[in-house]
Amino acid sequence: MRPGAIVTLRDEVWTVAHAESFEHCTLLTLEGSGPDNAGRVFRAITPFDRISASPDRRPQRRKRRAVLRCALSALARERPALGLWSAAEASLDLLAYQLEPALAVLRGATRVLLADAVGLGKTVQAGFILAELRSRGLVERALVLCPAGLRGTWAGELHDRFGIHAAVLDQASIALGLQALPAGVNPWAAHPVVVASIDFVKRPEVLAAVEEVPFDLVIADEAHHLTPASDRGAAVDRLGARTPWLVLVSATPHSGDQADFDYLTAIGSLSDRLTVFRRSRRDVGLPDQRRVRMLSVAPTPEETRLLGATDGYARAIWQARGRAERAVQLVAITLARRAASSAAALERTLSRRLALLSGGAPAVPVQGWLPLDDADDSDGDELDEPLARPGLLDDDAERRQLADLIDLARAASRRSSKLGALRRFLDRAREPAVVFTEYRDTLHAASAQLASAFRLGVIHGGVPAPMRQEVIRQFERGDVDVLLATDTAGEGLNLHRRCRLVIDLELPWNPRRLEQRVGRVDRIGQQRRVHAVHLLHRGTVEDAVWSHVEGRRRRAAQALGDDEGPTEDDIARSVFDAVAPPPGGRARVASTRIDAAGDELRRVTEQRRLRHPGTVAFDRAVFAVPRRVRRRRRAAVALYECSQQGLTGGMVERRVVALVIAVPRLRTHEAWRALAVAAAGSGVAADTAAHLPPLREAVIARIAEARARLARSQPLAHQGALFDRRAERAAGARREVAARLDAALARRAASLNPAESRAAHARLIALWPLRGEP
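For my numbering, add 889 to where a residue sits in the sequence shown, where the first one is 1.
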């Protein structure tokens, strides 16, 4: 059954949008064409669903108004080969720049990096790519990889904005789903669109199962976490290198380390070019109203002594053993950062270090991570291994110095100057606020300080994802005044609908985190000026940290559009060695611009306007007749709907063609009906093959490279055993998986070729007189 055909299912009229044939059945994607199902999309399986083709009946006479409504319906359902098919139905306000990545994919981009500034809608842009490829039948299975806390956000965005149901898979859902699946079925292949945590998928036993599934598209969110020699980067590279399309998403792709950026831009490469989209708020015409304020906090006398002593100890171990040992450098950095955060956070680390240097056993967590759980390492918890490394040359002297520091920390923790300043500021502000800290210990101390005066919500790495979402909902409803969070909430959350104030209890040494934090409220849709407040102790190490972090805001005219500035290590060297950090690295990758986005936005906006309840289609051609016959000849408009499909049944294009035809004097309604019959049989030229070579050539070339790499990765031989055949079975299973993946890639390549032996299908939609009143 060809795309464009009119069929009847359950007493409703539908248009076939896509047909996918299998050995014993055919999967049909149907679009509603009747008055009661207009705009709906439905999937049916024949022969299980009883679908009957609407017979080719004679054109039906209608009033002129109804005929014109039918013509408008055809225009609203138009599907240009290089235009967006899903934008008209998407539930969001469209902006031209957000359409550019999907348009680039239709023009041949196979690897895309979405690197717009925080809050400009990168999730929407990735969703458009997925929706467009799915609507054309080019993506059967898609995998979205993101941090564990963003799985629900991704699934919700895809469903609410694009009507795409995405299954969220983790250890619990897989175990539950296996009970309903036949034996031997891979749970990762049971859903067309899957959202999963990258930290879950990267585990070897999980990755082995995921690699067996022929995904057509992989989307990796927060891609700046994909670093060299990391399991995350290796997993996305392996999965991306066997898919026709790969999309990387990150607002902060460049940390200042050029090697890291080069690795990121090479992930999933199959000798194809990376298409980068990097726009700032100014680039897209949005106002930059953010205000940043440094709130100086005078430390208490106890804190002053603690900060001075901690700074002296950190510098001492940096200059002693830290010159040769990276682990000791990490200890110095940790102590300096925790001292700036709170005495409570510092005291915990100092006590743990003293216990380890005194021969104490490594800490054993009360509840360890299960093998397949998603760990969250964003609360700044340090590992015991570096804490156990001596920093000074005299071990006894170091233990005595640590004991003195612990006493100072306990005295200083009785009254925190920063937490006191935070409470006073919130009392004056009298509006919702998000308060960020790097450390869970500081979070607990802040919660105790503020609990009596404010309704608090708390998010950190130990809070399960469902509870985090509930806290966010309470904050958005107004049941929570202040949201206390570690950087678990620093990525992917949308808090702009109620909040415009972000407060940092300490300055993170990673420059990207400041932008990620403020980006939770500085997003599209924010109606008020955003305020970012940073608390810091003047005259301490925080002064040096701020001067270097602020330096990253220099703009560059090229590359990604901004100079990402120093890395955390650069800042550490400037603090302890008094060495100025090097200038920020530049990515040397130009942002892509699709000039056709503005025209496409106008076309889609017009389609949206045409899609109203009074605009319906009919299962056969309709025509209108003039009210009276005139002596002279008149003209009529014949409107055709032309569609072209690929070899596997996917629709390539559906466009509307209008022809003006000369009409002799026709005296009867039947004469006009005969004219409509003749127009329906005449047909129009509808070849669309010339529009798609860039898309076909780019994707087919990438698929060919993926198939070649897949063939090279298979073992040529295996070592058999004398008494069992396990090695042979394992080798056979690997070959079977490779064969399935290769067949899926070959099938996807075939779907991009037009049906050369079959002319494009054209059918008459409507016919009406050009002049005169009916």
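Note that CB positions come from ideal geometry on N, CA and C, so glycine has one too. It should be emphasised that the depicted structure is a prediction, and the values quoted were computed from it without experimental measurement.
The beta-carbon separation of Ala977 and Arg1497, rounded to 5 Å, stays under the 8 Å limit for a contact. Exposure of Glu1559 is indicated by the presence of fewer than 16 other C-beta atoms within 10 angstroms of its C-beta.
Counting only runs of at least 3 residues, the region 1037 to 1095 fully encloses the following beta strand (DSSP E) elements, listed from N- to C-terminal order: 1056 to 1058 and 1082 to 1086.
Pro1275 sits in a helix when the DSSP states are folded into three classes. Contact between Asp1177 and Arg1171 holds, with the beta-carbon distance rounding to 6 Å and staying under 8 Å. Cβ contact annotation for Val1033 (same chain, cutoff 6 Å, sequence separation greater than five): Trp1043, Val1084 and Ile1108, in chain order.
Taking all protein chains shown into account, Arg1313 has fewer than 16 neighbouring C-beta atoms within 10 Å of its C-beta and is therefore exposed. Of the other Cβ atoms in all chains shown, 16 or more fall within 10 Å of the Cβ of Val902; this residue is therefore buried. The continuous alpha helix (DSSP H) containing Thr1238 extends over residues Ala1232 to Leu1246. In the structure shown, the three-state DSSP call for Ser1571 is helix. In this model, Arg966 and Cys959 are separated by some 11 Å (Cα to Cα). Distances from the CA of Arg1227 to each of Leu1128, Trp1398 and Ser980 were compared; the closest alpha carbon is that of Trp1398. Cα atoms of Arg1215 and Arg1204: separation of roughly 14 Å, rounded to the nearest angstrom. The beta carbons of Ala1232 and Leu1195 sit closer together than 9 Å. Using a 10 angstroms sphere on the CB of Thr1494, the tally of other CB atoms stays under 16, which defines it as exposed. Separation of Val1028 and Phe1512 (C-alpha to C-alpha, rounded to the nearest whole angstrom) is 38 Å.
Under the three-state reduction of DSSP, Glu1395 is assigned to coil, being neither helix nor strand. The residues Leu1245, in chain order, have a CB closer than 6 Å to that of Ala1277 in the same chain once the five nearest residues on each side in sequence are set aside. No Cβ-Cβ contact shorter than 9 Å links Glu1395 with Leu1297.
Distance from His1420 to Arg1389 at the Cβ level is roughly 6 Å; contact confirmed, criterion being Cβ atoms closer than 8 Å. Secondary structure of Val1369 (DSSP, three-state): coil. The DSSP assignment places complete beta strand (DSSP E) segments of no fewer than 3 residues inside the region 890 to 917 at 895 to 898 and 901 to 910, in order along the chain.
Pro1081 and Ile895 have their C-alpha atoms some 26 Å from each other.
Look at Thr1132 here: in three-state DSSP terms it is coil, with no helix or strand label.
In the structure shown, the three-state DSSP call for His1385 is coil. Three or more beta-carbon pairs separated by less than 8 Å are not found between the region 1364 to 1372 and the region 1110 to 1122, which leaves the two stretches without contact.
Pairing Arg1344 with Glu1365 gives a Cβ-Cβ distance that is not under 9 Å. In the pairwise beta carbon analysis, the region 1296 to 1310 is classified as touching the region 1332 to 1341: at least three pairs are separated by under 8 Å. With distances taken between CA atoms, Ile1654 lies nearest to Val956 out of Pro936, Val956, Phe931 and His907. Straight across, the Cα-Cα distance linking Arg1241 with His1423 is about 29 Å.
Secondary structure note for His1650: its beta strand (DSSP E) is the uninterrupted segment His1650 to Pro1658. Per the C-alpha coordinates, the member of Asp1005, Arg953 and Ala979 positioned closest to Thr1481 is Asp1005.
By the Cβ neighbour-count rule, Leu1656 is buried, with 16 or more other Cβ atoms within 10 Å of its own. The way I'd put it, the region 990 to 999 doesn't touch the region 1063 to 1070; fewer than three beta-carbon pairs between them come closer than 8 Å. Gly1350 and Ala1097 have their C-alpha atoms some 27 Å from each other. Thr1116 is the residue among Arg1182, Ser1160, Thr1116 and Asp1411 whose C-alpha sits nearest the C-alpha of Asp1151.
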